[in-house]
Each structure stands twice: as structure tokens, then as C-alpha cells.
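A.B. asks: For the sequence shown, numbering that gives the first Met the number 0 begins at 0 and goes up steadily by one.
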Amino acid sequence: MTKLTKRAFLAGSAAAGAAIAMPTVLRAQATVLRWGEMLPTTHPQVQMVDRIAKEVKEKTSGRVDIQSFPAGQLGSGKDMMESVASGALTMTTDGAAALGSFLPQLSVVEAPYLWRDPAHMAKVAKAPVFAQMNDELAKKRGMRMAAVTYYGKRHLTTGSKAVKSVADCAGLKLRVPPVDTFRAMVEAWGAKATPVNFNELYLALSQGAVDGQENPLPTIHSAKLQEVQKHLILTGHIITPRLIIVNQDFWKGLKDADRTILEAAIANGVAWQDAELASQEGSLVATLKAAGMSVTEPDLESFSKPVLASLPKQFESKWGKGTWDALAAL
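1. Shortest alpha-carbon distance to G211 belongs to which of G158, Y150 and S164?
2. Short of 6 Å in beta carbon distance, which residues of its chain neighbour G189, apart from the five on each side in sequence? Order them along the chain.
3. Considering only residues of the same chain and omitting the five flanking positions on each side of S301, which have a CB-CB separation below 8 Å?
4. Would you grab the beta carbon distance between T156 and H230 for me? Rounded to a whole angstrom, and I think it's under 8 Å.
5. Leaving out the 5 sequence neighbours to the left and right, which residues in its chain are closer than 6 Å to F101 when beta-carbon positions are compared?
6. For the ligand COA, I want to know if H220 counts as a neighbour, meaning its beta carbon is within less than 6 Å of at least one of the ligand's heavy atoms.
7. Classify L310: buried if its beta carbon has 16 or more other beta carbons within 10 angstroms, exposed otherwise.
8. Taking the alpha carbon of T40 as the point to measure from, which residue in W323, L32 and D49 has its own alpha carbon closest?
9. State buried or exposed for L261, treating a residue as buried only when at least 16 other CB atoms are found within 10 Å of its CB.
10. What is the rounded straight-line gap between the Cα of L25 and the Cα of V185?
11. Spell out the partners DSSP gives P194 in its beta bridges.
12. For the beta strand (DSSP E) that D210 lies in, which residues bound it at each end?
13. On the three-state DSSP scale, how would you describe W188?
14. Does the pairing of the stretch 270 to 282 with the stretch 71 to 90 give three or more beta-carbon distances under 8 Å?
15. With respect to the beta strand (DSSP E) encompassing Q249, which residues constitute its N-terminal and C-terminal limits?
16. Express the C-alpha separation of F249 and T23 in angstroms, rounding to a whole number.
17. So is P176 buried or exposed if we call it buried at 16+ other beta carbons inside 10 Å?
18. My output table needs one value for V227: the three-state DSSP class, helix, strand or coil.
19. I need the straight-line Cα distance from S259 to E54, nearest angstrom please.
20. When DSSP builds the beta bridges, which residues end up paired with T34?
21. Taking the straight line between their C-alpha atoms, what separation do you get for A325 and G61?
22. Please go through the same chain and pick out, in chain order, the residues whose beta-carbon is closer than 6 Å to the beta-carbon of S75, but skip the five residues on each side of it.
23. Roughly how many angstroms lie between the CA atoms of P297 and L233, to the nearest whole one?
24. Grouping DSSP H, G and I as helix and E and B as strand, with all else coil, what is P311?
25. When burial is assigned at 16 or more other CB atoms within 10 Å of the CB, is A266 buried or exposed?
26. What are the complete beta strand (DSSP E) segments, minimum 3 residues, inside the stretch 109 to 183?
27. Let's test the definition: count the other Cβ atoms within 10 Å of the Cβ of S282 and tell me whether it reaches 16, buried, or not, exposed.
28. With T259 as the anchor, note down where its alpha helix (DSSP H) starts and where it stops.
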């Protein structure tokens with residue numbers, strides 16, 4: 000892992016100007032890739048990046064060097080996606096809904112109550128509609144999705160109010176990522192959707208700026224949100240994919256042999272991370288309960304019913320007619 004402040008990163012990018020048209024720095028004939036992440040070093044997603052970096056460096060004999068910048072060092076998720084699009088950053092990982100700000104129809108891949116289980120969600124990577132989205136993202140926004148990863152099943156947490164059904168969400172200020180599908184979901188629950196960047200979430204919860212949030216168990220635990228949240232509500236409302244994205248010009252410019260090594264390392268890293276997250280999900284309810292959180296199994300239908308009644312129709316023009324049904328039928 001390499002430490003680099005957002006200010007230094009942006010200053011360096013600006014100083015380089017047109018000389019850095021691609022996110023590649025040549026040092027002693029090594030190609031250096033900068034990979035930014037929002038999550039802390041304790042999360043398997045960041046550990047996945049480090050594993051990929053190690054494999055690539057070994058198999059290219061140091062010819063390709065991946066530098067990891069975790070914990071939001073290079074700004075918000077949107078900052079980093081924009082940097083990948085412009086070529087100032089090589090790679091990052093983010094949610095499909097967040098990528099919807101660059102290609103609107105992509106947000107359907109992270110829609111609530113779409114996927115039955117992780118295996119169902121994984122099928123999206125081989126779906127023709129996904130390949131089409133990837134080609135459009137590369138053509139229109141200059142970045143490509145290199146892999147689909149499993150991020151986990153999302154659950155609700157609150158600070159002081161126990162939640163047993165969706166009726167208990169009325170008026171709660173719930174943090175959501177700054178994307179419209181998440182806001183619409185929370186509003187369908189009767190809560191007040193409050194966008195907060197992830198690297199600001201712990202502070203927002205500790206100061207009471209928001210009453211609760213929703214995330215997968217490994218994210219809740221790795222970010223230590225149990226320290227500022229009392230209740231864990233097992234809603235399981237979204238099975239979340241995260242997408243590894245890479246600058247398209249860089250990807251095309253790689254030598255075939257190096258691209259093959261990078262693709263294989265990414266596949267291996269994703270397989271490890273997905274298994275690790277699934278394993279953690281199996282034990283973290285007990286871990287969080289032992290840390291002092293109360294655990295509730297709520298009325299799940301009360302959460303899904305208002306969302307399914309509104310979101311597919313509300314976002315049909317954005318996702319494309321029939322896309323929801325096509326993915327649900329995979």
C-alpha cells in the first residue's frame with residue numbers, strides 16, 4: 000500500500016498535464032498502475048487489490064507494479080471514478096448504482112430485491128445486456144468494467160430506534176450513497192434519505208447527523224460502525240455487486256501478455272475476495288452481537304413490498320424497457 004494525499008495526487012496530475020494522457024508512469028521500465036479504494040485496509044476488497052498487485056508483480060518480474068491507495072486517500076468514490084475516466088487514475092472499484100452517474104442504465108445491476116442470491120447476481124457478468132453496457136461505458140466514458148465482484152448482502156443499522164417493520168422507519172434519517180436508486184428505496188420505506196460519502200459516514204453517525212445506514216456486514220464491521228450504531232436489522236434488501244473499472248486507453252495500450260496476466264490476477268483476486276466475504280457474512284452477526292448490537296429479524300415483506308411496487312416502474316426509462324425482467328430471469 001502506498002500513501003498519497005488527495006491534494007498531492009491532484010497536484011501531481013495537474014503538473015503532469017498532457018504528458019500523462021494515460022495512467023501509466025514509466026520508472027525503470029516498470030508500468031505503474033494507481034488503484035484507488037474507498038474502503039479501509041481491513042476490508043477484503045482492499046486486501047484483494049494487494050493480492051492482485053503481488054501476483055501481477057511476480058508474474059511480470061516487476062514489469063507491472065500496482066500501487067494501492069485505500070481509505071479514500073484520493074477522494075470520494077465519484078472523484079476516483081472521474082479520475083479513471085480522465086486517465087489520472089488507472090483503476091478503482093465501486094458499485095453499479097454509483098457508476099450509473101456515468102452510464103444511467105448500469106444502476107439496475109444494484110437494484111433492490113432484484114437478485115435471489117449471490118450466484119444469481121454473478122450471472123450478470125456473462126449476460127449480453129451487461130456486455131452491451133460495458134461497451135457503451137468504454138465508448139462514451141473512457142473506462143471499462145474488468146470484473147464483477149460480490150460485495151455482500153446489505154442490512155440496515157440504526158442508532159437508538161429498534162426497527163421491526165418498515166413502519167418503524169418513518170422519519171428516520173438514513174444515510175445512503177449519493178445515488179438515486181438508493182434514495183428512492185429509502186423514501187419508499189418512509190424514511191428520510193440523506194446522502195453521505197462513505198469516508199464521512201462514521202463521523203455522521205457519531206454526531207447524529209444521520210440516524211442509521213445500510214451496508215453489508217463486512218463493511219459495517221471493517222468500518223467499526225458497531226461503535227456508533229446499536230441496532231442491526233437483517234433486511235437483506237440488496238445483494239450488491241461491486242465493479243472493478245479501468246481506464247480504457249490504458250487497457251487497450253497494455254501488451255497482450257501483460258493484459259493476460261492482469262486479467263488472471265484479477266480473476267484470482269475476485270474469487271478469493273468473494274469467498275472471504277461470504278465466509279465473514281456467516282460469522283459476523285454473532286460478532287456484532289457480541290460487540291453490543293441488538294439483532295432483529297424484521298418483517299421482510301414490509302420492506303420489499305413498497306420498493307417493488309414503485310422502483311421498477313419509476314426507473315424503467317433509465318434502465319431500459321424490459322431490462323429488470325431480463326436480469327431477474329437469468
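We treat Cβ as the ideally placed atom computed from N, Cα and C, and that holds for glycine.
C.D. replies: By the coordinates alone:
1. As a working note, residue 211 is residue 212 in the sequence shown. For the residues G158, Y150 and S164, the minimum Cα distance to G211 belongs to G158.
2. Locating residue 189 in the sequence shown gives position 190, where the first residue counts as 1. Once the five neighbours on either side are set aside, the close Cβ partners of G189 are C168 and A169.
3. Translated into positions along the sequence shown, residue 301 becomes position 302. Same-chain partners within the cutoff: S164, V165 and A166.
4. On the sequence shown, residue 156 is found 157 positions in, with the first residue counted as 1. On the sequence shown, residue 230 is found 231 positions in, with the first residue counted as 1. With a Cβ gap of about 6 Å, T156 and H230 count as contacting.
5. To locate residue 101, count along the sequence shown from 1; it is residue 102. Hits under 6 Å: R140.
6. In terms of ligand content, the structure shown is empty, and the ligand COA therefore cannot be addressed.
7. As a position in the sequence shown, residue 310 is number 311, starting the count at 1. Buried, by the Cβ-count rule.
8. Position 41 of the sequence shown, counting from 1, holds the residue named residue 40. The residue with the shortest Cα to Cα distance from T40 is D49.
9. Locating residue 261 in the sequence shown gives position 262, where the first residue counts as 1. By the 10 Å Cβ count, L261 comes out buried.
10. For the purposes of this step, residue 25 is identified with residue 26 of the sequence shown, where counting begins at 1. For the purposes of this step, residue 185 is identified with residue 186 of the sequence shown, where counting begins at 1. Confidence at L25 is low in this model, with a pLDDT of 42, below 50, so its placement is unreliable and the value that follows should be read with caution. Rounded to whole angstroms, L25 to V185 spans 46 Å at the Cα level.
11. Looking up residue 194 in the sequence shown gives position 195. P194 pairs with V175.
12. Counting from one through the sequence shown, the residue named residue 210 turns up at place 211. Counting along the chain, D210 falls outside any beta strand (DSSP E), and DSSP gives it neither H nor E.
13. In the sequence shown, the residue the question calls residue 188 occupies position 189. Correct three-state label for W188: coil.
14. no
15. The residue you call residue 249 lines up with position 250 of the sequence shown. According to the sequence shown, residue 249 is Phe rather than Gln. Note, F249: premise wrong, no beta strand (DSSP E); alpha helix (DSSP H) at Q247 to G252.
16. Translated into positions along the sequence shown, residue 23 becomes position 24. Translated into positions along the sequence shown, residue 249 becomes position 250. With a pLDDT of only 47 at T23, under the threshold of 50, the placement of this residue in the model should not be trusted; the figure read from the coordinates follows. Rounded to the nearest angstrom, the two C-alpha atoms are 7 Å apart.
17. Numbered from its first residue, the sequence shown carries residue 176 at position 177. Classification for P176: buried.
18. Walking along the sequence shown from the start, residue 227 turns up at place 228. Coil at V227, not helix or strand.
19. Within the sequence shown, residue 259 is the residue found at index 260, counting from 1. Within the sequence shown, residue 54 is the residue found at index 55, counting from 1. Residue 259 is actually Thr in this sequence, not Ser. Their Cα atoms are separated by approximately 12 Å.
20. Your numbering for residue 34 matches position 35 in the sequence shown. Going by the sequence as given, residue 34 is Trp instead of Thr. Its beta-bridge partners are S67 and M90.
21. Your numbering for residue 325 matches position 326 in the sequence shown. Your numbering for residue 61 matches position 62 in the sequence shown. Spanning the two alpha carbons is a distance of roughly 43 Å.
22. Locating residue 75 in the sequence shown gives position 76, where the first residue counts as 1. So the qualifying residues of the chain are N196.
23. Here residue 297 refers to the residue found at position 298 of the sequence shown. Here residue 233 refers to the residue found at position 234 of the sequence shown. Answer to the nearest angstrom: the Cα atoms are 7 Å apart.
24. As a first step, residue 311 is located in the sequence shown; it is residue number 312 there, counting from the start. Looking at P311 - three-state DSSP - the assignment turns out to be helix.
25. Position 267 of the sequence shown holds residue 266. Exposed is the call here.
26. 142 to 157 and 172 to 175
27. Counting from one through the sequence shown, the residue named residue 282 turns up at place 283. Per the 10 Å Cβ criterion, exposed.
28. The residue you call residue 259 lines up with position 260 of the sequence shown. Residues D255 to A289.
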